[in-house]
Each structure stands twice: as C-alpha cells, then as structure tokens.
Amino acid sequence: MATGEAFTEGQVREIGRAVATASDETGLYFSVFVGSPDGSARDYAERLHTALGGHAAYGVIVLVAPGERALEIVTGPDASLRLSDRACAFAVLSMCSAFVGGDLVGGIVTGLRMMAEAAGRRRAIPGAELTAVDR
Amino acid sequence: MSFRQGRAQRRWPAAYALSLGMIAVLLLLATPAAAADDSGEVTDTGLTVTHGWLLYVGIPVALFAVIALLAALPRLIHRPRYRPGRPWPHDPLWFAGPEEPDAALAGARPLPGTGGASGDW
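First to last, the protein sequences are chains A and B. Number 44 in my numbering belongs to position 43 of the first sequence; there are no gaps in the numbering. Number 54 in my numbering belongs to position 53 of the second sequence; there are no gaps in the numbering.
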C-alpha cells in the first residue's frame, strides 16, 4: 500500500516495529490502520478487524483517523479475554492526548505498548481458555 | 493545542533572556580593553566606529542568529507534523494488515463478540 507522505521512512519503521513487538510479546495479533474510514469509524474498524481473516479472533485492530479525529480499537473474541475493554479505554485516553499535541507516531507507539502490557506476556493458545485467567 | 501553546510561551522569554545575557557578558568583557597600562600612559587608541559597531552590535546579532537557527533547525528538517483539525489527504496505511486489503475488506462483515474502545480528539 502506498505510503503517501504521511510519515517518514523512519516513522513507518518505528510504528511497524511497535506493532511487531506488541504482537510478539503477547501472542495477540496487533494491526494498525491509519487513514480515513469509509462510513462510520466503528463500523469500518470492525470490518477491518474481520478482514484480518484467520487472525481476527485473537486480533486487535487500531484505527486512527487523523482527518476525522477518531480512534477505534476492536478486539477479537479471544483477544478481548486477555485485553479488557477497560485496558483499551486507557490506551485510547493516552493515545488521544498524544494526538491532540500532534504526535501521531508517539501516540500509536505508546498505545500499543500499553495494550501489550495489559494483555500480559503469555502466549495465546488459540482455543485454550486458561490464557485469559493466568497472567 | 494546549501543548503547543504551553511550550511556545515558555520558550520565548528564555530566548530573550539568553540574548540579553550574552550582550551583558560581552560588554563586561570588553571594558578592561580600554584601561591604561602600568605606566599610566593611555596607549589605547580607542575603538573606531566600525569596530565598535562590529563588537557591540555585530557579534550579538550574529550570536542571536546562530542560536535562533539552531533552535529552528529540527523543525525545518522534519516534515510538517500532523495538526489536529487539518484534513488528512494521505493514502491509508495499514500495518500488519492482510495481503490484499481491498479484497479482504470487500465482503467483510463485523464479527459478533468483539470488544474494544472508542475515542476522539
């Protein structure tokens, strides 16, 4: 997908690294979308989440819409056992305060780090329900 | 917004204080040069007008310019940052997305049982 000129090479690498680190640490599948939603932000984020295909169940999608000033986090059914809505709300709060200051990259990286910490280090074993309980 | 303003308000008095301080130091340093030597004879021929201007005006202005340039350099080098409220004309960017985003999105319907959070700024 074309980069446009939204971010520098270094910034793209920084976000990419943060996404990879969050996924590696938690075993969940983190994915970040930066762009304008087609329709309502929540609906679009949920469609993006479904589009993760096999990763959707334990996937976490972060939709950042700078033009609409909207932020959405969608967690899959398995992922939401590890990453509570409350933890997501904390991440949203922190990310939004960075975005208000104009710091998109910093906000995204911080949000991913917060969610990864909240989800804990244990690897998710798809189908195993124990992973939700012990941390 | 409040972040940017907060920082700008703090930075300017500091810049003024620094440049005023520089001028004061220069003036202090320059005073002994006009003093007489041991014999009491005044050997100093005095500053010409050009030298005076260079010393007391030229150097401080040059210093101010250099410091201002150094302060502005990071912002000149970096691309324009995102500003809330401005439109976002860039192509969408999807990290760790599917191989073929358009195809994957085409028939995508929301899954039941998802969680998450929303926010705006």
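Here a beta-carbon is modelled for each residue, glycine too, at the ideal position from N, C-alpha and C.
Exercise. Between Ala90 of chain A and chain B, is there a C-beta pair that is closer than 9 Å?
Worked result: Working through the first sequence from its first residue, we reach residue 90 of chain A at position 89. So, interface residue.
Exercise. Across which residues does DSSP place Tyr30 of chain A in a beta bridge pair?
Worked result: The count along the first sequence starts at 1 and reaches residue 30 of chain A at position 29. Paired residue(s): A:Gly60.
Problem set entry | Closest residue to Ala19 of chain A among B:Phe96, B:Leu112, B:Leu55, B:Pro102 (Cα-Cα distance) | As a first step, residue 19 of chain A is located in the first sequence; it is residue number 18 there, counting from the start. For the residues B:Phe96, B:Leu112, B:Leu55, B:Pro102, the minimum Cα distance to Ala19 of chain A belongs to B:Phe96.
Exercise. Tell me which same chain residues have a C-beta within less than 8 Å of the C-beta of Asp104 of chain A, skipping the five on either side of it?
Worked result: Within the first sequence, residue 104 of chain A is the residue found at index 103, counting from 1. If we look at Asp104 of chain A and ignore the five residues flanking it on each side, it has no Cβ neighbours.
Problem set entry | 8 Å Cβ cut-off: residues of chain B touching Arg43 of chain A | Here residue 43 of chain A refers to the residue found at position 42 when the first sequence is read from its first residue. Ser119, listed in chain order.
Problem set entry | Outcome for Ala73 of chain B when other beta-carbon atoms lying within 10 angstroms are tallied against a minimum of 16 | In the second sequence, counting from the first residue as 1, residue 73 of chain B sits at position 72. Classification for Ala73 of chain B: exposed.
Exercise. Can you list, in chain order, the residues of its chain whose CB lies under 7 Å from that of Ala99 of chain A, leaving out five sequence neighbours each side?
Worked result: Against the first sequence, residue 99 of chain A aligns to sequence position 98. So the list reads Gly107, Gly108, Thr111, once near-sequence residues are dropped.
Exercise. Closer than 9 Å, CB to CB, is Thr49 of chain B near chain A or not?
Worked result: Position 48 of the second sequence holds residue 49 of chain B. No, no contact with chain A.
Exercise. For the segment 57 to 101 of chain A, which segments carrying the alpha helix (DSSP H) assignment without a break, of at least 4 residues, lie completely within its bounds, in sequence order?
Worked result: 80 to 83, 86 to 101
Problem set entry | Nonlocal neighbours in the same chain, by C-beta distance under 8 Å from Leu27 of chain B, ignoring five residues either side | Working through the second sequence from its first residue, we reach residue 27 of chain B at position 26. Excluding sequence neighbours, Leu27 of chain B sits near Leu56, Tyr57, Ile60, Pro61.
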